[in-house]
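A short write-up of the structure that comes next.
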Amino acid sequence: MQYAPLLTKSKYLNGLQCHKYLWMLLNEADKIPETDEGTQYVFEQGNLVGELAKKLFPNGKGFESMGFKENIEESQKALFLRVPLFEAGFLAGRVYAKVDILEPTEDNQWNIVEVKSSTSVKEVHIQDVSFQKYCYEKAGIKIKNCFVMYINNEYVKNGEIDPVQFFIRKDISSEVEKETIGMEERINLMLKNMSKREIPDIKIGKHCNSPYECPLKEYCWDFLPENNVFQLYRGRDKAFELFESGILSMKDIPEDCELDEKQKKQIYCEKSGNPFIDKKGIKEFLNTLHYPLYFLDFETYTTAIPLYDGTRPHQHIPFQFSLHIIEKKSKSPGHFSYLTDGAIDTRAVIIQKLKELLKDSGSILVYNQSFEQKIFTDLGEYFPEYKQWVDETIKRMVDLINPFRNFYYYNSKQKGSASIKSVLPALTNKSYSDMEISNGGTAFLKYFYVTYGSLVGRKTTPEEVQQVRNALEKYCALDTEAMILIIQKLEKLVTDNNFTTLKIPF
Ligand code: SF4
Numbered sequence: 000m001q002y003a004p005l006l007t008k009s010k011y012l013n014g015l016q017c018h019k020y021l022w023m024l025l026n027e028a029d030k031i032p033e034t035d036e037g038t039q040y041v042f043e044q045g046n047l048v049g050e051l052a053k054k055l056f057p058n059g060k061g062f063e064s065m066g067f068k069e070n071i072e073e074s075q076k077a078l079f080l081r082v083p084l085f086e087a088g089f090l091a092g093r094v095y096a097k098v099d100i101l102e103p104t105e106d107n108q109w110n111i112v113e114v115k116s117s118t119s120v121k122e123v124h125i126q127d128v129s130f131q132k133y134c135y136e137k138a139g140i141k142i143k144n145c146f147v148m149y150i151n152n153e154y155v156k157n158g159e160i161d162p163v164q165f166f167i168r169k170d171i172s173s174e175v176e177k178e179t180i181g182m183e184e185r186i187n188l189m190l191k192n193m194s195k196r197e198i199p200d201i202k203i204g205k206h207c208n209s210p211y212e213c214p215l216k217e218y219c220w221d222f223l224p225e226n227n228v229f230q231l232y233r234g235r236d237k238a239f240e241l242f243e244s245g246i247l248s249m250k251d252i253p254e255d256c257e258l259d260e261k262q263k264k265q266i267y268c269e270k271s272g273n274p275f276i277d278k279k280g281i282k283e284f285l286n287t288l289h290y291p292l293y294f295l296d297f298e299t300y301t302t303a304i305p306l307y308d309g310t311r312p313h314q315h316i317p318f319q320f321s322l323h324i325i326e327k328k329s330k331s332p333g334h335f336s337y338l339t340d341g342a343i344d345t346r347a348v349i350i351q352k353l354k355e356l357l358k359d360s361g362s363i364l365v366y367n368q369s370f371e372q373k374i375f376t377d378l379g380e381y382f383p384e385y386k387q388w389v390d391e392t393i394k395r396m397v398d399l400i401n402p403f404r405n406f407y408y409y410n411s412k413q414k415g416s417a418s419i420k421s422v423l424p425a426l427t428n429k430s431y432s433d434m435e436i437s438n439g440g441t442a443f444l445k446y447f448y449v450t451y452g453s454l455v456g457r458k459t460t461p462e463e464v465q466q467v468r469n470a471l472e473k474y475c476a477l478d479t480e481a482m483i484l485i486i487q488k489l490e491k492l493v494t495d496n497n498f499t500t501l502k503i504p505f
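Quick note: the sequence shown uses numbering that gives the first Met the number 0, first residue 0, plus one each step.
Given below as structure tokens:
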């Protein structure tokens, strides 16, 4: 006998995002990519935050480790205990929910308390709690109020984490009440669609990225041509407008389409096959540089619960830097790097080394300045003896993304992106594609897992640790080497007469 599938909280949220996603989860799960390391890390961080929250309810009873049937039976039995219940599960028809904390109230009712590892309450949290309240009430439990406990982003670790200060508890009862309107119809529609034989006919749309990027994007968006309208620079709304009118390829965007200057340059490059070069803009940018030139890049990790004193939740903690230095024009670059060894806080070492290397003059090139600037600001705040030097150092920073964000140079190979990963292969014959670690997110996760261990029990060998460290050194060094190559190419573009400023006819 085949049972009709249940609607759980996570499936309800998937269904709110897209009925096709929900249907695929139940009927063609093999098409859904496996959970990646980044998502796994977010889950693990959420679990740690959940465990910390339980400390605020010392006499609570947990049901986390129980199987489905036992969880429901034991949760029902525990109601009379009138103590906080962790992940107590209740079933109402085909709807099943288990809230993080069910808290007894004095008037014989219960509060729902959901714990989140974010630093604010989001719309999806209201939807999440509304579903749980609906299910619990249908199961006969009287709910008085609903709360979200989220992370206080101003919390600074000083010794043991204090859960009272770490969390902010917000009453969201009235928001939940509003969200409950139409809940029954939404749930019934989902239950009906879940059991259908055929896949719901749902087109791609803005919902594919909201509230989270759907893991089926590669599958559903696969029909788009290589250079498609969704690569329009900062043009998401326009792209959907074009898509709705049947225009998929950049090349097919009509002349009279209302676009901004940057988007027009993009289309021109797409149609002409030439890159756009604004020699004057590039020259002005290069004129802002003063030798010695420093090319700097940090790698960082973040944790929801701070690991070290003086750090905040989700703060980016630097564990590695790469620095290339060109003392004078036409001189070869020197390379300096640092990679933390072991589960220790090396911010003091990092700032000390950087002060020695960066000295007091010369331009510091970074790619996407706000990130590096924030790391320096945090270091200056924690080490006040460096504050003045940090403030002066930030003034020396030059953001190499600017010529590309300003479209002084654009090549259709960039596919609408100004990121270094797109610009480097568009301008030079180098790329990140054959690197073992090819982006900052992977660098963070690889470093974190071999250094702090995995919560899912994965063990690392000394060989694996060494392999990751080698890959990290190579990756971070390429980030700063890439900046040198980009600068060299920009210099060539403005001096070489073979390259002329492309006149765009608009
Ligand atoms: S990619 Fe978009 S259309 Fe496809 S299942 Fe996900 S949300 Fe639905």
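Every residue gets a Cβ at the ideal spot worked out from N, C-alpha and C, and that includes glycine.
Beta-bridge analysis with DSSP links Ser336 to Ser321. Sixteen is the threshold: when 16 or more other Cβ atoms of the shown chains lie within 10 Å of the Cβ of Lys264, as they do, the residue is buried. The Cβ atoms of Ile171 and Ile125 lie closer than 8 Å to each other. Three or more pairs of CB atoms, one per stretch, sit closer than 8 Å, so the region 318-332 contacts the region 285-301. In this chain, the alpha helix (DSSP H) harbouring Ile349 covers 346-357.
With a threshold of 7 Å, the Cβ atom of Tyr20 counts as near the ligand SF4, since some heavy atom of the ligand is closer than that. Between Pro332 and Ile483, the CB-CB gap stays under 8 Å. Here the distance from the Cβ of Leu215 to the nearest heavy atom of the ligand SF4 is below 7 Å. In the DSSP assignment, Trp22 is bridged to no other residue. With contacts defined as CB atoms closer than 8 Å, Asn151 and Gln164 qualify as a contacting pair.
If you look at Trp109, you'll find it in the beta strand (DSSP E) that goes 109-114. In summary, Val348 is exposed, with fewer than 16 beta-carbon neighbours lying within 10 Å of its beta-carbon over all protein chains present. If you check the C-beta of Gln126 against the ligand SF4, you find no heavy atom less than 7 Å away. For the pair Glu86 and Asn26, the Cα-to-Cα distance works out to about 27 Å. CA-CA distance, Glu472 to His334, rounds to 11 Å. The alpha-carbon separation between Gln44 and Pro312 amounts to approximately 11 Å. Annotation: the continuous beta strand (DSSP E) that includes Val147 extends over 142-150.
Within the region 261-305, the complete beta strand (DSSP E) segments at least 3 residues long are 292-300, listed from N- to C-terminus. Closer than 7 Å to some heavy atom of the ligand SF4: that does not describe the Cβ of Ile31. Excluding its 5 nearest sequence neighbours in each direction, Ile142 has C-beta neighbours in its own chain below 7 Å: Gln108, Trp109, Ile111, Lys132, Tyr135, Glu136, listed in chain order. Contact between the region 399-418 and the region 254-273 is present: three or more C-beta pairs spanning the two stretches fall below 8 Å.
Proximity of the region 301-309 to the region 45-56 meets the contact definition, three or more beta-carbon pairs being nearer than 8 Å. The region 214-227 and the region 235-250 touch, with three or more beta-carbon pairs separated by less than 8 Å. His206 has its Cβ nearer than 7 Å to a heavy atom of the ligand SF4. DSSP, reduced to helix, strand and coil, places Val123 within a helical segment of the structure shown.
Note that the C-beta distance between Gly379 and Lys373 is not below 8 Å. From the listed residues Asp495, Phe443, Asp29, the smallest Cα separation to Tyr40 is found for Phe443. Here Gly181 is exposed: its Cβ has fewer than 16 other Cβ atoms, across all protein chains shown, within 10 Å. Just measuring C-alpha positions, the residue of Ile31, Tyr293, Glu36, Met249 sitting nearest Ile393 is Tyr293.
Cβ atoms of Ile350 and Leu423 stay farther apart than 8 Å, at about 28 Å.
If you draw a straight line from the Cα of Lys216 to the Cα of Leu356, it is about 44 Å long. By the 16-neighbour rule on beta-carbons within 10 angstroms, Phe89 is buried.
Residue pairing of Met396 in beta bridges, as defined by DSSP: Ile363. When the alpha-carbon of Asn157 is set against those of Ala28, Tyr381, Lys237, the nearest one is in Tyr381.
Around the beta carbon of Leu51, a 10 Å sphere encloses 16 or more other beta carbons of the protein chains shown; the residue is thus reported as buried. Fully enclosed alpha helix (DSSP H) runs of no fewer than 4 residues occupy 162-165, 172-179, 182-193, 216-219 of the region 162-234, in order along the chain.
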